[in-house]
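Visitor: Just passing along the structure, written as structure tokens.
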Amino acid sequence: MKNRYYKYSIVIFLIFTFFIFYYGLKEKNFYTPEDISIKKFPNLILNDFYTNTKTSFDDILIGSNYYLVNIWASWCLPCREEHPYLVQLKKNLSIKIIGINYKDKRDNALKFLDEYDNPYSVILNDNNGTASIEIGAYGVPESFILNTEKKIIKKIIGPIDKKKFNEIKKLIKK
Amino acid sequence: MILNYLGNFALLFCLIISLVIFITSISCLNNKNFFLKKNLNELLFFKFFFAVLSFSSLIILFIISEFSNETVLNNSHISKPLFYKISGTWGNHEGSLLLWLLVLTFFAFFYYLNSKNRPTDERLLTILFQEVIILGFLFFLLKASNPFNIIYPVPKEGLGLNPILQDPLLAIHPPVLYLGYVTTSIVFSSSLAGLIKGNINNLWAKDIKKWVFISWTFLTLGILLGSIWAYYELGWGGFWFWDPVENISLMPWLSLTALVHCVLALEKRSILHSWTVILSIITFTLGICGTFLVRSGILNSVHTFANDPERGLYILFFLFFLIFLSVFIYFIYEDKFELNNKNLNLYTKETSIILNNWFVMYFLSVILIGTVYPIFLEVLSNEKISVGPPFFNKLIIPFLIPFLIFMSIGPNLKWTKNNYFSKKLKLIIIFILSIILSTLVSKFFGNSALNITILLAASFYLFIITIKDLIKKGFKNYSQTISHFGFSLLVLSILLNSIFSNEITSNMRVGDEIKFSDKIIKLQKLENTTEANFLKLIAYFKIEEKNKTELVLEPEIRIYDKPETITSEAAIKTDIFKDRFLVINLVKENEYLNVRYQEKPFMLWIWISAIIISLGGIINIFKKNEKQIL
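Line by line, the protein sequences are chains Z and C.
Under our numbering, think of the first position of the first sequence as -13, with each following residue one higher.
Under our numbering, think of the first position of the second sequence as 6, with each following residue one higher.
Next comes the structure, spelled out in structure tokens:
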């Protein structure tokens, strides 16, 4: 009898430990220290996609808690895949999305926006691609998430997919 | 590009072969003629071969900086030296798991080749359990942490390897530690197999002993390397910080140390069957538990390179699957032990081994509680704490005193009967001698805390007795004596180190000088240089001591750009009896440097004694089996 009780108690203890660890996992990143090395987004001046007037990032990056700067082009296939997620982000969350149109033809870009909806609050032109390099992008598409202080808190290389989308959601809700 | 596919497909082949072995070895258990032994041999070899193929493709991907591979992209960089490109292969989550798999497949193959004198069904069962573990890792690799993920479009430049990992020691620290962990899996599988077949006896112990010693030696060396790395690279001026990850590597070592003693007792005296099996299970599951705690991001420390709860979840399920599997197997087959109720005499080796086990179990549970308690508290009450060195010191140091004394006496006792206490006088003389010695040392250095003096006395006691044994016994059982001697040296060096360490911290500008006991420390100049992948700021310090030659120390600050990180390289001058340690830090928006100078006695001896400890293990691995003493 005694033997059986000790077996039960071991199993119960193990199950208890399992659940503690399980819930411990859900509470993410307890002790993550604040990353002080986060870079500030460079203040570039680019032409507006629609009006072609000079616009600086300082003028655009106001009035929201989070910003998403998305580099895209109509010729870029992965951009088409990620576009619905941008639209969803725009609909569901309080995030201001800024597009940088990378080495693109104006007509194609307009067609692209017509076809896929336009999630961008502002679109800027980067015809020769220098601005994107200055921001530190590797290619298209690429997205940067900034906080109110214009600091880059997340960088997404490649298209935003379902997983990345959820990560962004979590990041903003925090 | 093609290597990405090659590596990936090699992994898939591994998986297929693993499944084939798994299924066939189950059917073999019922019908032994079904499957030729030779075939299994070949299958295990091919699995190992594909793991090698997969791992070497990853290494080549790292060498040629193929950034279409996500792992390479995240952990490498074109301007990195070749050596770190290669070591970067296992300096990250995916690569290190692949390395783990490689070692696992190798040891499964190696075990099968070297266990021909074991009963066939026990070998098959061992391979079966081993296959369960390998399958677990394979699924994890392919599903949640595939090292061959492809990124398109191909980025031009990688994100770099964490600079604190760019150190030659760290290139070999993980592989050595893994060799230790993975060999415990063989011990685990074999003890479960032996348990089911009712084969746990002295012959089994004789065969598994080698594996226990191999893994114990590798773990000891692995921990040593990690500790040396922490001392030289992290610049905290110590070698052990009770950091969660350090604790996690120490726990399997402790239970393995107990296991080493149990296996010997089982071999020589056919006792401690259940201790041996339970410790085998504990050791291996603690290893996996460590992987879980480190890799899931549930604890944070220097080693956490992957904070992915999804991965954590997988390891958690796998861990508890293994735990429950082994616990149930143990409960079901517990009665199969060939128990022979021998009377345990109080003054025998058996008793001292059991005592040793209980002490080790106590240390183990202190560390385990100290490490996981914050998680429990966080989940249950949302309170955040971290457990630091005072907790461990308070709970461990007092128990170290009796432990050391038993350790001095135990090995000299005989199995079953004992006539050692006829020589009581000698023991008492040595004991008094060590008390006098420790009092003198404490008085001489102006430290008179009672508990420290007693601890010092106990370690002197062990030290003297092991030296006496070493001289007296000569080559008889010298692996044990060497390890115990190493341990006493370790405790002694750690003690003297922590009692007599001295330090000074100050802010200094170029030209400043500070006084430290009878020395003068001068900051002479600063210099900037550019290296391959970082900027370097070197400070030149001169330390002047009366009647002695001047010493120049050159600590550095390194500023890496990919990823942007600042690290401090301490300048360390190692002498036989004393280390001089100087580290500088930048103070934000100030022109002066924060300087920390430490004098740490006996640092070198800590490393040496750990090497001596593992030397004992190495000797035992290569020792020819002695005749059975019964």
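We treat Cβ as the ideally placed atom computed from N, Cα and C, and that holds for glycine.
Since this is a predicted model, take the numbers as computed values, not measurements.
Return no unless some Cβ of chain Z is closer than 9 Å to the Cβ of valine 187 of chain C.
Guide: On the second sequence, position 182 is the one that residue 187 of chain C refers to. So, not an interface residue.
Visitor: Using a C-beta cutoff of 9 Å, does glycine 2 of chain C count as contacting chain Z?
Guide: This structure cannot settle anything about residue 2 of chain C, because the visible part of chain C is limited to 6 through 635.
Visitor: For the putative contact between leucine 157 of chain Z and isoleucine 303 of chain C, defined by C-beta atoms under 8 Å, what is the C-beta separation to the nearest angstrom?
Guide: Counting from one through the first sequence, the residue named residue 157 of chain Z turns up at place 171. Counting from one through the second sequence, the residue named residue 303 of chain C turns up at place 298. Not a contact, Cβ separation roughly 20 Å.
Visitor: Closer than 8 Å, Cβ to Cβ, to anything on chain Z: give me those residues from the region 321 to 332 of chain C, in chain order.
Guide: Cβ contacts with chain Z come from Leu321, Phe325, Ile328, Phe329, Val332.
Visitor: Tell me which residues of the region 133 to 162 of chain C have at least one Cβ-Cβ distance to chain Z shorter than 9 Å, keeping chain order.
Guide: Ile156, Tyr157, Pro158, Val159, Pro160, Lys161, Glu162
Visitor: Among C:Leu143, C:Ile64, C:Trp245, C:Asn74, whose alpha-carbon lies nearest the alpha-carbon of isoleucine 22 of chain C?
Guide: Counting from 1 along the second sequence, the entry for residue 22 of chain C is found at position 17. Residue C:Leu143 is the option with its Cα nearest to isoleucine 22 of chain C.
Visitor: If we require 4 or more residues per run, which alpha helix (DSSP H) segments fall completely within the region 56 to 100 of chain C?
Guide: 75 to 80, 87 to 92
Visitor: Between which residues of its own chain and threonine 41 of chain Z is the CB-CB distance below 8 Å, once the five residues before and five after are set aside?
Guide: Looking up residue 41 of chain Z in the first sequence gives position 55. Only Ile31, Leu32, Asn33, Asp34, Val108, Leu110 meet the Cβ criterion.
Visitor: Could you tell me which whole alpha helix (DSSP H) segments of length 4 or greater appear in the region 387 to 416 of chain C?
Guide: 394 to 414
Visitor: Output needed for proline 19 of chain Z: all residues of its chain with C-beta closer than 6 Å, excluding positions within five of it in sequence on either side, in chain order.
Guide: Counting from one through the first sequence, the residue named residue 19 of chain Z turns up at place 33. The predicted position of proline 19 of chain Z is uncertain, since its pLDDT is 39 and thus under 50; a value taken from the coordinates is nonetheless stated next. Excluding sequence neighbours, proline 19 of chain Z sits near nothing in its chain.
Visitor: Residues of chain Z with CB under 8 Å from isoleucine 380 of chain C, in chain order?
Guide: As a working note, residue 380 of chain C is residue 375 in the second sequence. Going along chain Z in sequence order, the residues near isoleucine 380 of chain C (Cβ under 8 Å) are Ile6, Phe7, Gly10.
Visitor: Compare the C-beta of lysine 140 of chain Z against all C-beta atoms of chain C and say whether one is closer than 9 Å.
Guide: One-based indexing of the first sequence puts residue 140 of chain Z at position 154. So no, lysine 140 of chain Z is outside the interface.
Visitor: According to DSSP, simplified to helix, strand and coil, what is threonine 173 of chain Z?
Guide: Lying before the first or after the last residue shown, residue 173 of chain Z is absent from chain Z, which here runs from -13 to 160.
Visitor: Under 8 Å by Cβ, that's how I've got valine 77 of chain C and phenylalanine 67 of chain C pegged, so tell me the actual separation to the nearest angstrom.
Guide: Numbered from its first residue, the second sequence carries residue 77 of chain C at position 72. Numbered from its first residue, the second sequence carries residue 67 of chain C at position 62. That pair is a contact at about 6 Å.
Visitor: Measuring straight from C-alpha to C-alpha, what distance separates serine -5 of chain Z and aspartate 340 of chain C?
Guide: The residue given as residue -5 of chain Z occupies position 9 in the first sequence. The residue given as residue 340 of chain C occupies position 335 in the second sequence. Those two C-alpha atoms are separated by around 19 Å.
Visitor: Bridge partners of phenylalanine 529 of chain C, per DSSP?
Guide: Here residue 529 of chain C is taken as the residue at index 524 of the second sequence, counted from 1. For the record, residue 529 of chain C in the displayed sequence is glutamine; it is not phenylalanine. Answer is none; glutamine 529 of chain C lacks a bridge partner.
Visitor: Would you mind telling me which residues of chain Z sit closer than 7 Å to serine 301 of chain C, beta carbon to beta carbon, in chain order?
Guide: Counting from one through the second sequence, the residue named residue 301 of chain C turns up at place 296. The answer, in chain order, is Leu11.
Visitor: To the nearest angstrom, how far is it from the Cα of isoleucine 334 of chain C to the Cα of serine 357 of chain C?
Guide: As a position in the second sequence, residue 334 of chain C is number 329, starting the count at 1. As a position in the second sequence, residue 357 of chain C is number 352, starting the count at 1. Near 29 Å, if we compare the C-alpha coordinates of serine 357 of chain C and isoleucine 334 of chain C.
Visitor: Please look up how many angstroms separate the CB atoms of isoleucine 146 of chain Z and tyrosine 52 of chain Z, rounded, as I've assumed it's under 8 Å.
Guide: Residue mapping note: residue 146 of chain Z aligns to position 160 of the first sequence, counting from 1. Residue mapping note: residue 52 of chain Z aligns to position 66 of the first sequence, counting from 1. The C-beta separation of isoleucine 146 of chain Z from tyrosine 52 of chain Z comes to about 14 Å, leaving the pair out of contact by the 8 Å criterion.
Visitor: As an exercise, report each continuous alpha helix (DSSP H) stretch of at least 4 residues that is fully enclosed by the region 162 to 227 of chain C, in chain order.
Guide: 173 to 202
Visitor: By the 10 Å Cβ neighbour count, where 16 or more other Cβ atoms means buried, how is lysine 214 of chain C classified, buried or exposed?
Guide: Here the question's residue 214 of chain C lines up with position 209 in the second sequence. The residue is buried, with at least 16 neighbouring Cβ atoms inside 10 Å.
Visitor: Could you check what DSSP says for lysine 150 of chain Z in three-state terms: helix, strand or coil?
Guide: Translated into positions along the first sequence, residue 150 of chain Z becomes position 164. In this structure, DSSP gives lysine 150 of chain Z a helical state, which the three-state scheme calls helix.
Visitor: Applying the 10 Å Cβ sphere with the 16-neighbour rule, what's the burial state of valine 600 of chain C?
Guide: As a working note, residue 600 of chain C is residue 595 in the second sequence. Counting Cβ neighbours within 10 Å, valine 600 of chain C comes out buried, since at least 16 surround it.
Visitor: Give me the Cα-Cα distance between asparagine 133 of chain Z and alanine 15 of chain C, rounded to the nearest whole angstrom.
Guide: Counting from one through the first sequence, the residue named residue 133 of chain Z turns up at place 147. Counting from one through the second sequence, the residue named residue 15 of chain C turns up at place 10. Between asparagine 133 of chain Z and alanine 15 of chain C, the C-alpha separation is close to 43 Å.
Visitor: Quick one: Cα of asparagine 74 of chain C to Cα of leucine 107 of chain C, how far?
Guide: The count along the second sequence starts at 1 and reaches residue 74 of chain C at position 69. The count along the second sequence starts at 1 and reaches residue 107 of chain C at position 102. If I take the Cα positions, the gap works out to 20 Å.
Visitor: Shorter than 9 Å from the beta carbon of phenylalanine 490 of chain C to some beta carbon of chain Z?
Guide: The residue given as residue 490 of chain C occupies position 485 in the second sequence. Not an interface residue.
Visitor: Please report the straight-line C-alpha distance between leucine 103 of chain C and serine 92 of chain C, rounded to a whole angstrom.
Guide: Translated into the one-based positions of the second sequence, residue 103 of chain C becomes position 98. Translated into the one-based positions of the second sequence, residue 92 of chain C becomes position 87. Each residue's alpha carbon lies about 13 Å from the other.
Visitor: Flag this pair as touching only if the region 583 to 591 of chain C and the region 548 to 567 of chain C have three or more C-beta atom pairs under 8 Å; answer yes or no.
Guide: yes
Visitor: Using a C-beta cutoff of 9 Å, does leucine 72 of chain Z count as contacting chain A?
Guide: The structure shown contains no chain A; the protein chains it does contain are Z and C.
Visitor: List, in chain order, every chain Z residue whose beta-carbon is nearer than 9 Å to that of phenylalanine 336 of chain C.
Guide: As a working mapping, residue 336 of chain C is identified with position 331 in the second sequence. Result: Lys(-7), Ile(-4), Val(-3).
Visitor: In this structure, what does DSSP give as the bridge partners for glycine 317 of chain C?
Guide: Taking the second sequence and counting its residues from 1, one reaches residue 317 of chain C at position 312. According to DSSP, glycine 317 of chain C bridges with nothing at all.
Visitor: Ends of the beta strand (DSSP E) at glycine 85 of chain Z?
Guide: Along the first sequence, one-based indexing puts residue 85 of chain Z at 99. Glycine 85 of chain Z -> beta strand (DSSP E) spans 81 to 88.
Visitor: Quick check on methionine 6 of chain C: buried or exposed, where buried means 16 or more other Cβ atoms within 10 Å of its Cβ?
Guide: Mapped onto the second sequence, residue 6 of chain C falls at position 1. In summary, methionine 6 of chain C is exposed, with fewer than 16 beta-carbon neighbours lying within 10 Å of its beta-carbon over all protein chains present.
Visitor: Nearest chain Z C-beta to leucine 78 of chain C closer than 9 Å, yes or no?
Guide: Numbered from its first residue, the second sequence carries residue 78 of chain C at position 73. Closer than 9 Å: yes.
Visitor: Quick one: using the 10 Å Cβ neighbour count with 16 as the cut-off for buried, is lysine 159 of chain Z buried or exposed?
Guide: In the first sequence, residue 159 of chain Z corresponds to position 173, counting from 1. Classification for lysine 159 of chain Z: exposed.
Visitor: Answer with buried or exposed for asparagine 152 of chain Z, where buried requires no fewer than 16 other C-beta atoms within 10 angstroms of its C-beta.
Guide: Mapped onto the first sequence, residue 152 of chain Z falls at position 166. So asparagine 152 of chain Z counts as exposed.
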